[in-house]
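Engineer:
In the numbering used here, the protein residues as written are 71 to 415.
1) Tell me whether residue 411 sits in a helix, a strand or coil according to DSSP, three-state version.
2) Helix, strand or coil: how does DSSP classify residue 168 here?
3) Which residues does DSSP list as the beta-bridge partners of residue 110?
4) What do you reckon, are the CB atoms on residue 233 and residue 223 nearer than 7 Å?
5) Would residue 378 be called buried (16 or more neighbouring beta carbons within 10 Å of its own) or exposed?
6) Going along the chain, which residues of its own chain have a beta-carbon closer than 7 Å to the beta-carbon of residue 372, five neighbours each way excluded?
7) How long is the line joining the alpha carbons of residue 249 and residue 165, rounded to whole angstroms?
8) Compare the C-alpha of residue 15 against each of 180, 340, 368 and name the closest.
9) Under the three-state reduction of DSSP, which class applies to residue 11: helix, strand or coil?
10) In the structure shown, what three-state DSSP assignment does residue 275 receive?
11) With a 10 Å radius around its C-beta and 16 neighbouring C-beta atoms as the bar for buried, classify residue 254 as buried or exposed.
12) Work out the CA separation of residue 121 and residue 395 for me, nearest whole Å.
13) Classify residue 252 as buried or exposed, calling it buried when 16 or more other Cβ atoms lie within 10 Å of its own Cβ.
14) Would you report the Cα separation of residue 149 and residue 114, rounded to the nearest angstrom?
15) Under 8 Å: do the region 181-193 and the region 150-170 share three or more Cβ pairs, one atom per stretch?
16) What do you reckon, are the CB atoms on residue 299 and residue 227 nearer than 7 Å?
17) Going by the beta-carbon positions, is the gap between residue 275 and residue 261 smaller than 7 Å?
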């Protein structure tokens, strides 16, 4: 199947998936949020990753706080934040430990950070104070933003004055090779936090991050993990060189940041359209586009819809049938469609 045929097939699938609906309304969003809480949020504010052994992690707590804020759910927001502060703030800075396991808590090896979780938690706290009228969270957002800037930015080996966002405070980075996860680059969150905390380096990381994503998209599917070297990009030492579940978020975050025309959005849509099974999208490919895994979970299709500017009215009743990750992506895509501005693919 050539590229044009594949994209046409995906467009037809998404239109069928939408039932011809023009979009989602507030009632649908409220129903989807309620279904997500029932499925993944414990009574004490722990976001449960049921597809990963029932653990909780900084990503889930950050996403959960953001979704609670966006849905105006202050009780859920406060529960999530209280659990996070009681269980994941075990370090000497304001960043979270990345993983918590029931019966074990945070093991010593899990006290390392994951930048995307901290970024989304800080953004949720900022939005809570700025947009929701919950001012008590503003200072905490700025504390996290400052520590992200200090601990999770490194110079690009190719352009020394341009900062790269690294995956965690202890991630491998030196003058020769810097490991990055392109899906951690959320330009809108970086810019808004940089402005609020007076950290121009976070804004620069957003700007340079969009450039890096363009460069990667020109080469093929944007990978989950890649090394940046003085000579360009290289396969990382410790990860498979594939475009998979992490990289699906690249298009989501760019559209959410008002950049639906970015080359990485177009490349992501092209890769997702390569699925060979009916009503599926490709979720893992090689950088060259060979499909390794495909899925019919609605959350992954929601990213393709967002990238192609097709909005659906699929019922929130499907959320309980999906694991944590695709279900969460579906809610984030709903929010991105609402906040990302006019869609111009």
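Cβ atoms here follow ideal geometry from the backbone N, Cα and C, with glycine treated the same way.
This one's a predicted model, so the numbers in the text were calculated from it and none came from an experiment.
Structural biologist: Quick look at the numbers:
1) As a position in the chain shown, residue 411 is number 341, starting the count at 1. Assigned with DSSP and collapsed to three states, residue 411 falls in coil, not helix or strand.
2) Here residue 168 is taken as the residue at index 98 of the chain shown, counted from 1. Coil.
3) Start at 1 with the first residue of the chain shown, and residue 110 comes out as number 40. Paired residues: none, contrary to the question.
4) Taking the first residue of the chain shown as 1, we reach residue 233 at position 163. Taking the first residue of the chain shown as 1, we reach residue 223 at position 153. In contact: residue 233 and residue 223 (Cβ atoms closer than 7 Å).
5) Position 308 of the chain shown holds residue 378. Classified as buried, residue 378 has 16 or more neighbouring CB atoms from the shown chains inside 10 Å of its CB.
6) Taking the chain shown and counting its residues from 1, one reaches residue 372 at position 302. If we look at residue 372 and ignore the five residues flanking it on each side, its Cβ neighbours are 399, 400, 403.
7) Working through the chain shown from its first residue, we reach residue 249 at position 179. Working through the chain shown from its first residue, we reach residue 165 at position 95. Roughly 19 Å between the two C-alpha positions.
8) Any property of residue 15 remains undetermined from this structure, which presents the chain solely from 71 to 415.
9) Not covered by the structure: residue 11. The range shown for the chain is 71 to 415.
10) Indexing the chain shown from 1 puts residue 275 at position 205. Helix at residue 275.
11) Here residue 254 is taken as the residue at index 184 of the chain shown, counted from 1. When all chains shown are included, residue 254 counts as buried.
12) Within the chain shown, the letter at position 325 stands for residue 395. Within the chain shown, the letter at position 51 stands for residue 121. Distance between the alpha carbons of residue 395 and residue 121 is about 7 Å.
13) Position 182 of the chain shown, counted from the start, is the residue given in the question as residue 252. By the 10 Å Cβ count, residue 252 comes out buried.
14) The count along the chain shown starts at 1 and reaches residue 149 at position 79. The count along the chain shown starts at 1 and reaches residue 114 at position 44. Taking the straight line joining both Cα atoms gives about 6 Å.
15) yes
16) Counting from one through the chain shown, the residue named residue 299 turns up at place 229. Counting from one through the chain shown, the residue named residue 227 turns up at place 157. The answer is yes: Cβ separation under 7 Å.
17) Reading the chain shown from its first residue, position 205 is the one you call residue 275. Reading the chain shown from its first residue, position 191 is the one you call residue 261. The answer is no: Cβ separation not under 7 Å.
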